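Since the structure comes first, as structure tokens, the remarks are kept for the end.
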Amino acid sequence: MAGHGTSNYQPKNKVVRWVDSRLPIFSLMNEQAIVFPTPKNLNYLWTFGAILSFMLATMMISGIVLAMHYAANTELAFDRVEHIMRDVNFGWLIRYIHAVGASMFFFAVYMHIARGLYYGSYKAPREILWMLGVVILILMMATGFMGYVLPWGQMSFWGATVITNLFSAIPLVGPSIVEWLWGGFAVDNATLNRFFSLHYLLPFVIAGVVVLHIWALHEVGNNNPTGVSVKSSKDTVPFHPYLTMKDFFALVCFMVLYAYFVFYIPNYLGHPDNYIEADPLVTPAHIVPEWYLLPFYAMLRAIPSKLGGVVVMFSSLLILFVVPWLDTSKVRSAKYRPMFKIAFWVFVISCIALGWLGSQPAEGVYVMLARFFTFYYFAFFLILMPLLGIIETPKPVPNSIAESVLARHHGSTATVGSGEGRPDAAPAAPKKD
Amino acid sequence: MATTEHTEEHQEPTRRDFLYIATGAVGAVGVAGLAWPFIDQMNPDASAQAMASVEVDVSSMNVGDSITIMWRGKPVFIRRRTDAEVEAAKETPVADLPDPLARNPNIGSDEPATDANRAAVDREPWLVMIGICTHLGCVPLGQQGAFGGWFCPCHGSTYDTAGRIRSGPAPANLDIPPYTFASDTTIVVG
Ligand code: HEM
Ligand code: FES
């Protein structure tokens, strides 16, 4: 990556210069995290990327520490987790950081994805960036699911049984695949062991995909609330200090929420049945996955056929890969798309409703509602996205990011753009109105 | 050397082309060959495969009693059914069943799901089944649900008194393990 033409980075320190001319790591950092140009109008929804990076690191650190005290054996696992809680110094804290952390991680990733959908961040030229994000989401789900199995409680065991059995719906080879996943004829020690191995591995795979995700981001640049591409340096500010500080502030707020859960209601998002040791003979009255998988679970149960339910559930994730090609609108941001905006919010409501339905028993009116919202989930992507781009008349889009920022400030104050940093210390931005 | 090769490139395949393809092919076979052990190691191992059979003493079971035993890590239901349960199962026409197959390896694979084909051979009150819902693997609860058989709490599948699926998302009747009556009071499963 030598010779990044754009910045004339010259480290002052001699040692740094010596290293940098042999391994340009300081140039790389400077270019990607210091001077990297970011649209000046990014709002707080853009801070979830930094929050997600923080969460991945938190999960890896707390997880590696837990692994020092845990034992992946059906005879031991449940007791070892209690041992972490009671005997290991600060074990309770580290475990709650990890268990609550998984929920916080998913909360952040769903915000991040919703942001992308609302502002059309999946559209050209960010298709690969978006698809890498979907890969991360799927890997996170697999990691979270396998992590939940490790404490070997009743929900661990029965969640693992139900989810692995999904594959038995595949015609012909299904049952063999399930036995291959289990390493036996039921969820048992072999299963727990391999889930631990993979639960340790996958976060590192996620970290690798995150690198690709950020690489793709830095190749094409950030989208922004207007969805208008960056046209000149007037539209941007350098990443540091503007975005580093904003990200940092958001992260602190996020950590307050996180700490509240860890210290005051650590088990709020968990299920009490997981404090009962796994028993292969007794299925709990009501099996539910962790909250972040509930919408998908609701879709699975909404379909009255085994194979159909499984296909619908997996499709609900896979469909995200083709979203860049389903949306036919030239306008990125929902801000300028009145119809899409409504469709988007109904979609959000559908996802939340599905989440709630996933936690309810699969009977009567719940199933009917789940069918309705499942239909909307798919209709949003397959019908509304292609159609709205054709029938909707978008509102006028600003010519540039700078223009939209100026227009906004012009209405309220006379000192145009006073609060906005300008990287190149440009003399007063041209007023166009 | 370089120039002669250059001209040959567009003509007959050379010895070098052959070596190139042959090396690639051997490499691909090697990778596939080595991948297999890494895939197959995940399958049930020799200790899990060992078809350990379980001997169960049923001498203390009265009419209307059920027990659950473990076989190959799975629950197996053994029930000594009441006459009413047997009658109810017999009266149900096979045509009404979502899954018309008996799923009983002790009598052959394509038999219809009549009550006699589901029950123990010549001992119709006795029902021996793998206690795993054919939907997604939960353990159904006995003597519950609309058909007086089994009810799965997970997604609401109901089975009748012969363990045949009657409603809900499960696609098939409860499976029957290989088993025999070694004597009037002993069942050998597996
Ligand atoms: C993508 C990042 C990760 C996610 C989403 C995640 C998720 C989870 C979840 C949901 C649990 C169950 C918590 C509970 O209810 O007790 C768990 C447990 C566990 N995880 Fe992770 N994890 C991640 C990374 C890691 C890493 C890198 C390790 C390192 C080995 C690790 C090691 C463990 C261990 C040992 C347990 C069992 C102890 C326990 O249940 O508290 N995790 N994980
Ligand atoms: S596992 Fe029994 S109904 Fe789903």
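These protein sequence lines map, in sequence, to chains A and B. Here the first sequence stands for residues 1 to 433, numbered as in my numbering. Here the second sequence stands for residues 1001 to 1190, numbered as in my numbering. Even glycine gets a Cβ: it sits at the ideal position worked out from N, Cα and C. Note that the coordinates shown come from a computational prediction; the quantities given were computed from them, not determined experimentally.
Item: Neighbour flag for VAL162(A) against chain B, beta carbons, 7 Å; Value: yes
Item: Any 3 or more C-beta pairs closer than 8 Å across the segment 272 to 282 of chain A and the segment 291 to 300 of chain A; Value: no
Item: Close Cβ partners of VAL149(A) (< 6 Å) along its chain, the five nearest in sequence each way excluded; Value: SER156, ALA160, PHE195
Item: Residues with C-beta closer than 5 Å to any heavy atom of the ligand FES, in chain order; Value: CYS1133(B), HIS1135(B), LEU1136(B), CYS1138(B), CYS1152(B), CYS1154(B), HIS1155(B), SER1157(B)
Item: Residues bridged to TYR119(A) [DSSP beta-bridge criterion]; Value: DSSP, once it has assigned bridges, lists no residue as partnering TYR119(A).
Item: CA-to-CA distance, ILE303(A) to ILE1130(B), given in whole angstroms; Value: 25 Å
Item: As assigned by DSSP and simplified to three states, the class of ASP1099(B); Value: coil
Item: Per-residue burial, CYS1152(B) [other beta carbons within 10 Å of its own, 16 or more giving buried]; Value: buried
Item: ASN8(A), DSSP secondary structure in three states; Value: coil
Item: Any chain B beta carbon closer than 7 Å to ARG301(A); Value: yes
Item: Within chain B, partners of SER305(A) - CB distance below 8 Å; Value: PRO1169, PRO1171
Item: Cβ pair PRO1105(B), PRO1178(B) closer than 7 Å; Value: yes
Item: Short-range partners of chain B found in the segment 151 to 181 of chain A, where Cβ spacing is below 9 Å; Value: TRP158, THR161, VAL162, ILE163, THR164, ASN165, LEU166, SER168, ALA169, SER176, VAL178, GLU179, TRP180, LEU181
Item: Near the ligand HEM: LEU66(A) beta-carbon under 6 Å from a heavy atom; Value: yes
Item: Short CB-CB distance (under 7 Å) between GLY364(A) and chain B; Value: no
Item: Under 9 Å (Cβ pairs) to chain A, residues found in the segment 1138 to 1155 of chain B; Value: CYS1138, VAL1139, PRO1140, LEU1141, CYS1152, PRO1153, CYS1154, HIS1155
Item: Alpha-carbon to alpha-carbon, THR1082(B) and ARG1149(B); Value: Position check: residue 1149(B) holds Gly in this sequence, whereas Arg was assumed. Computed Cα separation, rounded: 12 Å.
Item: First and last residue of the uninterrupted beta strand (DSSP E) at VAL1076(B); Value: 1074 to 1080
Item: At least 3 beta-carbon pairs within less than 8 Å: the segment 160 to 180 of chain A vs the segment 350 to 363 of chain A; Value: no
Item: GLU407(A), buried or exposed, once every other Cβ within 10 Å from all chains shown has been counted against 16; Value: For clarity, residue 407(A) is Ala in the given sequence; the question names Glu instead. Answer is exposed; the Cβ neighbour count stays below 16.
Item: Backbone secondary structure at ILE1069(B) - three-state DSSP; Value: strand
Item: Environment of SER435(A) [buried if 16+ CB atoms lie within 10 Å]; Value: There is no way to answer for residue 435(A), as the model of chain A reaches only from 1 to 433.
Item: Neighbour-count burial assignment, SER412(A), 16 or more Cβ in a 10 Å radius; Value: Residue placement at SER412(A) is flagged as unreliable, the pLDDT there being 48, under the threshold of 50; a coordinate-derived value is accordingly withheld.
Item: Residues bridged to ASP1045(B) [DSSP beta-bridge criterion]; Value: Paired residues: none, contrary to the question.
Item: Neighbour list for ASP188(A) in chain B, Cβ cutoff strictly below 7 Å; Value: GLY1073
Item: Length-filtered (4 minimum) alpha helix (DSSP H) runs lying within the segment 153 to 177 of chain A; Value: 154 to 165
Item: Residues of the segment 1026 to 1046 of chain B with Cβ closer than 9 Å to any Cβ of chain A, in chain order; Value: ILE1039, ASP1040, GLN1041, MET1042, ASN1043, PRO1044, ASP1045
Item: From VAL282(A), ILE391(A), GLU403(A), residue whose alpha carbon lies closest to that of ARG337(A); Value: ILE391(A)
Item: Under 9 Å (Cβ pairs) to chain B, residues found in the segment 283 to 295 of chain A; Value: THR283, PRO284, ALA285, HIS286, ILE287
Item: Burial state of ILE25(A), where buried means 16 or more other Cβ atoms lie within 10 Å; Value: exposed
Item: Any chain A beta carbon closer than 7 Å to THR1068(B); Value: yes
Item: Length of the line joining the Cα atoms of HIS213(A) and LYS14(A); Value: 33 Å
Item: Beta-carbon proximity of VAL1102(B) to ALA1162(B), cut-off 7 Å; Value: Here the sequence assigns Ala to residue 1102(B), which means Val is not the residue at that position. Not in contact: ALA1102(B) and ALA1162(B) (Cβ atoms no closer than 7 Å).
Item: Closest by C-alpha distance to PRO1140(B), when choosing among LEU1097(B), SER1047(B), GLN1011(B), ASP1160(B); Value: ASP1160(B)
Item: Beta strand (DSSP E) segments (min. 3 residues) lying fully within the segment 1134 to 1172 of chain B; Value: 1148 to 1151, 1158 to 1160, 1165 to 1167
Item: Terminal residues of the beta strand (DSSP E) in which SER27(A) lies; Value: Careful: SER27(A) lies outside any beta strand (DSSP E), inside the alpha helix (DSSP H) at 25 to 29.
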